[in-house]
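Reviewing the structure listed below.
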Amino acid sequence: MVQVKRLRCVYGSVVAVNDLSFAARPGEIFGLLGPNGAGKTTCITCLSGLLRPDGGRISVAGPLGVVPQEIALYDELSARENLCYWGGAHGMRGRALRDRVQEVLECTGLADRAAEPVARFSGGMKRRLNFACGVVHRPRVLLLDEPTVGVDPQSRVRLLELTREIARGGATVLYTTHYMEEAESLCDRVVIIDHGRILAEGTLPELRALLGERDLVRFSGVFQPAEVHRVFAGDGIEVVQAEESVVTLALAAASRRLPAIIAELSGAGGEIRATTISQPNLESLFIKLTGKELRE
Amino acid sequence: MHFLWLSTMKDLRRYHRDVASLALWFVLPLVIAALIGLVFGREDARPQGLLLIADEDHGFAGSFLRESISRGPLATMLAMQQVDRAEGRQRIDTGDGSALLIIPKGYDRAVMRDEPAQWTLITNPELSLMPRVVREVASANVDAASYLQQVAGSLLRAYEDLPASRRSITELAAGVGRTVSGVSTYLNPPRVTLKTTVIADPAAHRSTVTEMLFPGIVLLVVLMMSAGMSLEIWKEAGAGAVRRVAATPCSLSGFLAGKLAATIVVLLVAILLTFGAARVVFGIPLRACVLALAWSACCAMTIYCGLLLVQLQFAGERTATTVAGMTMVPLAMLGGSFFPLESMPESFANIARATPNGWMLVRLKFILAGPVPAPDLARDFGVLLAAGAVAFALVRWRMERRFVA
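From first to last, the protein sequence lines are chains A and B.
Residue numbering for the first sequence follows my numbering, beginning at 44 and increasing consecutively.
Residue numbering for the second sequence follows my numbering, beginning at 616 and increasing consecutively.
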């Protein structure tokens, strides 16, 4: 169980986390979603006890496991030695540690490379081992800070499956990412944060409902934002995003109304180069909430 | 305790797998020692000085001085050259010579007449040992002249007053002989005797340059290897390992203590190898090895923590590495690791003894030279361990602030 109440963290004059509150239950994968610099890592750092918050209260029940964004491994040591060290740091020892290390090596698909120095591993293998080091001691609360950054698709699938397994075992998993599709496929509940504040919170269906049953139409090309807002004011069409190179609209029955919309957009001085229609998802919700796409 | 063991083993494994870089840090000081040994040779480390004599009197005193230096052990330490006053002064000013002794014209006559007379000694300010030797020799000669005045002053004056045609050096010698015989009743057997105690047999062993430098080389090995190993913290912090440790139930103190223990083990092996090389290759006799090893280990702990502390004052690895190097090299040079303290000018030697590694070096020399009184030993170990403990606590504090928070 993780409970965060009115968390506030300040770096100098920058408020990294501002009045953040949420609760994650055992067996739940709870997503912290937001662009880079949104305050996700600061929140995780506070939860792992590395940073003293400037306000608010944090409660973490049970042994904590942390999988940091960095690959915090020793390159000179083998995978097994790394796991033994980090397991030992959490108080495991003897046969229990050895058996668990073997189990984790097999789960992460590293058993056949267990004796090799980590320096010889690929990026994906290092990520998997980094993950394994965070779960070797069977934590009841697991903090995953963007664990799939820079990972190949195969390793990503394996890491996501491991995360589900850990949650099925009853652990509370806090998962931060800026990959929307990852959060959609993995998380039971999500909070979307930006500039340290919660923009929306709920299950995926709850969040989708915020957009209504409307499709999202995205145009790329050259546009005049003021004209776009003028042309589509009212008429059951919501201008989600209007920039010089991108316009995103939310409307019902988008494919049927598309020719008329293109004509209006062209009439407003726009030059359309590409068009996509999509069902509402977290990304479109994020765009709707913030008026911008996810920053890299 | 378990985590301390884990951390120690972790770092020992890492050092073992990157033994090449450790070997480089270890070999470098030994190469320096070997080079210095080759340059200065393995013979007795006996200083040699050059005494310039401007004898303007050309009399008895000058001859006596030259005789006293050219005979006996002083002959191996001092070379003499006759110069005139101006040349002598110029050579001393350019550093060519240990000292210039000026015997003014009329000195012999003044001694015979019991009149004030003066030698002038001009020493080279760049040197300390040889000018002191010259000063002692000159002072002994002046004393001898003074005693001669006291015992046979009337004879000398009478001799001086005679016309040149009636002067006989044989008569003068006979007269001085009679005077000395007259007072011999009081001198033989002597009422006052000088008892000389030899505290070490000088023939048994004489220090070579390599031997004088050996304790400094031990400290240089410790300094260089500590500097190299202390850089590891940046690698670990950069990978996020320090933060990861901070997120476990284990303390950063255990993590740091493990690093320190592994470093001391590696440095002890290096010091043992240095001792072995000193004994086998250079034939340096080693006494109190266990105590010297214990002292070296404590020095290693303090130096390692000190260098870590210096590095952790800076935000970036590059600056920290540069500053660590800039700290280590001057300390090594000034603290007697490149040049024996014995060969330094006294002012520099005093500075050297005041540096942390110079202080450690002086005590290591004492330990290697022979028995050190237990209270002194306890005090020195106490000071060193206390300094190490303070440095450890500060490093622990800086590490948390620099890498975790």
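Heads up, the beta-carbon is just placed ideally off N, CA and C, and yes, glycines get one too.
Owing to the predicted nature of the structure, the values given are computational and were not obtained by experimental measurement.
query, result
"In chain order, what residues of the stretch 909-933 of chain B put their CB closer than 9 Å to some CB of chain A?", "none"
"Is G1003(B) helix, strand or coil by DSSP?", "helix"
"From G134(A), F73(A) and S91(A), pick the residue whose C-alpha is nearest to that of L862(B); which is it?", "According to the sequence displayed, residue 862(B) carries Ala and not Leu. Nearest of G134(A), F73(A) and S91(A) to A862(B), Cα basis: S91(A)."
"Is T878(B) close to chain A, meaning its C-beta is less than 8 Å from at least one C-beta of that chain?", "no"
"Could you give the distance in angstroms between the alpha-carbon of C920(B) and the alpha-carbon of A132(A)?", "23 Å"
"Check whether the Cβ atoms of V53(A) and D118(A) sit closer than 8 Å, and answer yes or no.", "no"
"Could you have a look at L927(B) and say whether DSSP puts it in helix, strand or coil?", "coil"
"Would the stretch 236-243 of chain A count as touching the stretch 284-298 of chain A if we require 3 or more Cβ pairs under 8 Å?", "no"
"Classify K720(B) as buried or exposed, calling it buried when 16 or more other Cβ atoms lie within 10 Å of its own Cβ.", "exposed"
"Assuming V179(A) and V147(A) form a contact by the criterion Cβ under 8 Å, report the distance between their Cβ atoms to the nearest whole angstrom.", "5 Å"
"Would you tell me roughly how many angstroms separate the C-alpha atoms of P302(A) and Q267(A), rounded to the nearest one?", "19 Å"
"At 8 Å on the CB atoms, spell out the chain A contacts of V860(B), in chain order.", "A132"
"Can you confirm whether V813(B), when its beta carbon is compared against all beta carbons of chain A, has any partner nearer than 8 Å?", "Confidence at V813(B) is low in this model, with a pLDDT of 36, below 50, so its placement is unreliable and the value that follows should be read with caution. Closer than 8 Å: no."
"Using a threshold of 8 Å, state whether the C-beta atoms of L172(A) and L250(A) are closer than that.", "no"
"Cβ atoms of I87(A) and L186(A): under 8 Å apart, would you say?", "yes"
"May I ask you to report which of helix, strand or coil DSSP gives R68(A)?", "coil"
"What residues match up with Y54(A) in a beta bridge as DSSP calls it?", "V57(A)"
"Looking at V880(B): is its Cβ nearer than 8 Å to the Cβ of P644(B)?", "no"
"Looking only at C-alpha atoms, which of R68(A), F65(A), V192(A) and S56(A) sits nearest to P111(A)?", "V192(A)"
"What are the complete beta strand (DSSP E) segments, minimum 3 residues, inside the stretch 209-254 of chain A?", "215-220, 232-237 and 240-246"
"Here's a check: name, in chain order, each residue in its chain whose Cβ is nearer than 6 Å to the Cβ of M223(A), leaving out the five neighbours to either side.", "L325 and E326"
"Would you list, in chain order, the members of the stretch 87-103 of chain A that have their beta-carbon closer than 7 Å to a beta-carbon of chain B?", "S91, G92, L93 and L94"
"Could you list which residues in chain B have their beta carbon closer than 9 Å to that of I114(A), in chain order?", "A854 and G855"
"Taking contact to mean at least 3 C-beta pairs separated by less than 8 Å, is the stretch 228-235 of chain A in contact with the stretch 71-84 of chain A?", "yes"
"Is the distance from the Cβ of I886(B) to the Cβ of N972(B) below 8 Å?", "no"
"So A854(B) and I114(A) are supposed to be a Cβ contact under 8 Å. How far apart are they, rounded?", "7 Å"
"So for D62(A), helix, strand or coil by DSSP?", "strand"
"Tell whether a beta-carbon distance below 8 Å holds between L946(B) and V1010(B).", "no"
"Report yes or no: do three or more beta-carbon pairs, one from the stretch 902-918 of chain B and one from the stretch 982-999 of chain B, lie closer than 8 Å?", "yes"
"Which whole-angstrom value describes the C-beta separation of P323(A) and L247(A), a residue pair presumed to lie in contact below a C-beta threshold of 8 Å?", "Not really, about 10 Å apart at Cβ, beyond 8 Å."
"Tell me which residue opens and which closes the alpha helix (DSSP H) that L259(A) is part of.", "First-last for L259(A): D258 to V265, but that is the beta strand (DSSP E), not the alpha helix (DSSP H)."
"Throw me the rounded Cβ distance for the L999(B) and C904(B) pair, which I believe falls under 8 Å.", "No, L999(B) and C904(B) are not in contact; Cβ-Cβ is about 18 Å, not under 8 Å."
"Considering only the beta carbon of each residue, do A939(B) and A856(B) sit closer than 8 Å?", "no"
"Are A306(A) and S263(A) closer than 8 Å when you measure CB to CB?", "no"
"Would you mind sorting M727(B) into buried or exposed? The rule is 16 or more other CB atoms within 10 Å of its CB.", "buried"
"Helix, strand or coil, according to DSSP, for G130(A) in the structure here?", "helix"
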